[in-house]
Amino acid sequence: MDILNNIVSGFSVAVSVTNLLWCFIGVTMGTLVGVLPALGPLAAVSILLPIVFNIADPVTGIIFLAGVYYGTQYGGSTTAILLNIPGEISSTVTTIDGNQMARKGRAGAALSIAAMSSFFAGTVATIIIALLSQPLSKTAFFFGAAEYGALMLLGLFAAVSLNHGSMLKGIAMVFVGILLGLVGSDVNSGVVRFTLGIQELTDGIPFAILAMGLFGLGEIVYLLFHERKDNKIITTVDNLYPTKKEMKESLMPTLRGTFLGSILGLLPGGGAIMSSFASYAVEKKISKKPEEFGRGAVAGVAGPEAANNAGAQTSFIPMLSLGIPTTPTIAIILAVLIIQGIQPGTTVISKHPDLFWGLIASMWIGNFMLLLLNLPLVGLWVSILKISWKILYPIIILICLTGAYYINKSWFDVLLLFPFALLGYIFKRLDCQPASLIMGFVLGALFEEHVRRALIISRGDWLIFLNKPISLAFIVVTCILLIIGISYRKKNQEDNTKILKN
Amino acid sequence: MKDTLAGILFVIIGSIFLFISKSYKIGTTAAMGPGYFPMLIAILLIIFGVVIFIKSLYGHSK
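Quick mapping for you: the protein sequence lines, in order, are chains G and W.
Once you know that position 475 of the first sequence is 614 in the numbering used here, the rest is easy, because the numbers rise by one and skip nothing.
Once you know that position 49 of the second sequence is 183 in the numbering used here, the rest is easy, because the numbers rise by one and skip nothing.
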């Protein structure tokens, strides 16, 4: 058993004291940010980026970031249940029945069910990552420049197709991201491009600063102007244990949610958000008592919670096996890998087995920590929710500013934070998703390189992308996803608003 | 209104990049210079900006 050996070696990486510690810190900080309303995984991962750059070992750094990522998923559901506000978008559906359970005095049970179904889903999804990533990376053995170029195209635009909001604006935001990603010296010619003569930008726009500006500072500024309500917690949590009946009711929805989430997580742009909505719709449709949905149905908590966690985990597969991020958060994690000197792509698993298997093992450990951590610490999370935004937002701003300085001990970086925060704020005001921008930014330079190389090989013939079967397949899939995106958008927005209204 | 402004913003950003990229060597498709690819993307961005702008003027009349 090759895989068994690998998993064992993975655990030996993950259980080292340093890695366990950083995994713990990661999931705790992730939960902390996830609990805060309106700050999701993107904000969490961005704000905490400076810490990663101060961790010497890239394996430890990535274990930490992954912990932050799925930590926010757990934190988000806590807020959804107790406050009726989604801590992050993918827990939106949990607000419906989770909060109803809380109003009926079953807040503890709802939290436990959310945590347990998330843990179960996380475990299964982790196993899927272990089984699927390696074969997938081997299929990419024959990829040339054209194939990679087409694959990047798929990664760039497929994510937009299933995102919320206008697709035209999403694609435009990808272009803006690509252009920003091209700032700095050109690999082929050495010409320094678009730096406006600023010396510090020769190596490109510092990625961490861009992310922190757009998703950290920009987000907070947006919240300051638009949503500065203090939260009222309407429930108290006393009994954490679900009844036998509630356990039984959550079993099948958890299984179905895990299945659904694991598959949707693999799709570009699928991930956690779509999974939870899809799972809720399925559970309501096949339930014998659909009238219970919206009044505190256990299935309405267990299913979506399992689905969003499974989706969040399996969305690592395309990144680890092919080097293609399918969601903005994963794109940030990928960018960190690149900065840490790990060439993303099909060789990550074979060249850095300790990173791959260590990450997988630590994902399971992290999920286990969250299960143990979340329930006893509910009191702590509740008290964080009680902190006024007048204290909280300045603290986060301060964290962003100091963090930005300590990445390179550079004041220029701190200054650079402000234009990007402004840009993030403006884009958000105009309903343009900065998340699409980060996809373009991360992949932009790589995309250019592959396209250029492919066209050198074909002597300038663009048809090379259509003549190679694999590359053609990627382009066809991209087109199909964009078309689905247009129709999905019309139908699904109605469905989702219907789900939320009922 | 939001789309109108967004369209204008995209056109402005695209134009800035288009303008600067013209100062770099463009080259040919087979041997792209440093200006080729950015110019291509900038033009695409401007086109999308214009489409978003025009759509916003006609689309939301109902």
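Glycine included, C-beta positions come from ideal geometry on N, C-alpha and C.
Cutoff 8 Å: residue i Cβ touching any chain W Cβ
i, result
"Val360(G)", "no"
"Asp342(G)", "no"
"Leu585(G)", "no"
"Ile603(G)", "no"
"Cys571(G)", "yes"
"Val330(G)", "yes"
"Leu561(G)", "no"
"Asp325(G)", "yes"
"Leu594(G)", "yes"
"Phe317(G)", "In the sequence as presented, Phe is not what sits at residue 317(G); that position holds Ile. Yes, Ile317(G) counts as interfacial toward chain W."
"Ala311(G)", "yes"
"Val581(G)", "no"
"Lys548(G)", "no"
"Gly336(G)", "no"
"Val590(G)", "yes"
"Lys567(G)", "no"
"Gly288(G)", "no"
Cutoff 8 Å: residue i Cβ touching any chain G Cβ
i, result
"Val184(W)", "no"
"Phe151(W)", "yes"
"Ile154(W)", "yes"
"Leu191(W)", "no"
"Ile160(W)", "no"
"Phe171(W)", "yes"
"Phe144(W)", "yes"
"Ile175(W)", "yes"
"Lys196(W)", "With a pLDDT of 37 at Lys196(W), under the threshold of 50, the predicted position of this residue should be treated as unreliable, though the coordinate-derived value follows. No, Lys196(W) does not count as interfacial toward chain G."
"Ile147(W)", "yes"
Cα-Cα separation between residue i and residue j, rounded to whole angstroms
i, j, result
"Asn687(G)", "Thr262(G)", "Residue 687(G) cannot be examined here, being either before or after the span of chain G that is shown, 140 to 641."
"Val615(G)", "His365(G)", "41 Å"
"Ile273(G)", "Asn145(G)", "Sequence check: residue 273(G) is Gln here, not Ile. Rounded to the nearest angstrom, the two C-alpha atoms are 11 Å apart."
"Ile177(W)", "Cys618(G)", "21 Å"
"Met578(G)", "Ile477(G)", "14 Å"
"Ser134(G)", "Glu358(G)", "No answer is possible for residue 134(G): the residues shown for chain G start at 140 and end at 641."
"Asn448(G)", "Arg598(G)", "46 Å"
"Phe171(W)", "Ala195(G)", "35 Å"
"Thr233(G)", "Leu461(G)", "32 Å"
"Ile504(G)", "Phe203(G)", "12 Å"
"Leu473(G)", "Leu139(W)", "32 Å"
"Pro443(G)", "Gly396(G)", "6 Å"
"Phe557(G)", "Met351(G)", "10 Å"
"Asp137(W)", "Ser155(G)", "51 Å"
"Tyr544(G)", "Gln479(G)", "19 Å"
"Ser195(W)", "Met135(W)", "Since pLDDT at Ser195(W) reaches only 44, below the 50 mark, its modelled position is unreliable, and the value read off the structure follows with that caveat. If you take the alpha carbons of Ser195(W) and Met135(W), they lie about 11 Å apart."
"Ala297(G)", "Leu188(G)", "26 Å"
"Phe495(G)", "Ala219(G)", "32 Å"
"Ala651(G)", "Gly404(G)", "Only positions 140 to 641 of chain G appear in this structure, which leaves residue 651(G) out of reach."
Nearest candidate by alpha-carbon position, reference residue i, set the options
i, options, result
"Ala254(G)", "Arg591(G), Ala560(G), Gln482(G), Leu390(G)", "Leu390(G)"
"Phe566(G)", "Phe163(G), Gln273(G), Gly309(G), Ser527(G)", "Gly309(G)"
"Lys243(G)", "Thr231(G), Ala260(G), Leu221(G)", "Leu221(G)"
"Ile146(W)", "Ala311(G), Val232(G), Ile488(G), Lys607(G)", "Ala311(G)"
"Ile268(G)", "Thr485(G), Phe613(G), Gln452(G)", "Gln452(G)"
"Leu585(G)", "Leu270(G), Gly149(G), Gly294(G)", "Gly294(G)"
"Leu270(G)", "Glu388(G), Ile142(G), Glu339(G)", "Ile142(G)"
"Ala260(G)", "Ile625(G), Ala446(G), Asn158(G), Gly200(G)", "Ala446(G)"
"Met502(G)", "Leu399(G), Phe455(G), Ala297(G)", "Phe455(G)"
"Phe507(G)", "Ile348(G), Leu405(G), Gly206(G)", "Gly206(G)"
"Tyr158(W)", "Arg434(G), Thr334(G), Gly173(G)", "Thr334(G)"
"Lys490(G)", "Ala246(G), Val198(G), Phe258(G), Ile348(G)", "Val198(G)"
"Ile228(G)", "Ile596(G), Ala241(G), Tyr213(G), Gln239(G)", "Tyr213(G)"
Distance CB(residue i)-CB(residue j) smaller than 8 Å
i, j, result
"Val152(G)", "Ala500(G)", "yes"
"Gly210(G)", "Thr265(G)", "no"
"Phe354(G)", "Leu181(G)", "yes"
"Phe144(W)", "Leu174(W)", "no"
"Gln572(G)", "Gly304(G)", "yes"
"Val360(G)", "Ala560(G)", "yes"
"Leu512(G)", "Val166(G)", "yes"
"Ile235(G)", "Glu385(G)", "no"
"Ile603(G)", "Ala593(G)", "yes"
"Leu250(G)", "Leu514(G)", "yes"
"Ile623(G)", "Ser300(G)", "yes"
"Glu422(G)", "Gly439(G)", "yes"
"Ala285(G)", "Lys529(G)", "no"
"Trp520(G)", "Val174(G)", "yes"
"Val326(G)", "Glu588(G)", "yes"
Interfacial residues, the stretch 196-207 of chain G to chain W, with Cβ spacing under 8 Å | The stretch 196-207 of chain G vs chain W, Cβ under 8 Å: nothing.
Can you give me, in chain order, the residues of the stretch 291-305 of chain G that have a beta carbon less than 9 Å from any beta carbon in chain W?
-> Against chain W - using a Cβ distance shorter than 9 Å - the residues of the stretch 291-305 of chain G are Ser305.
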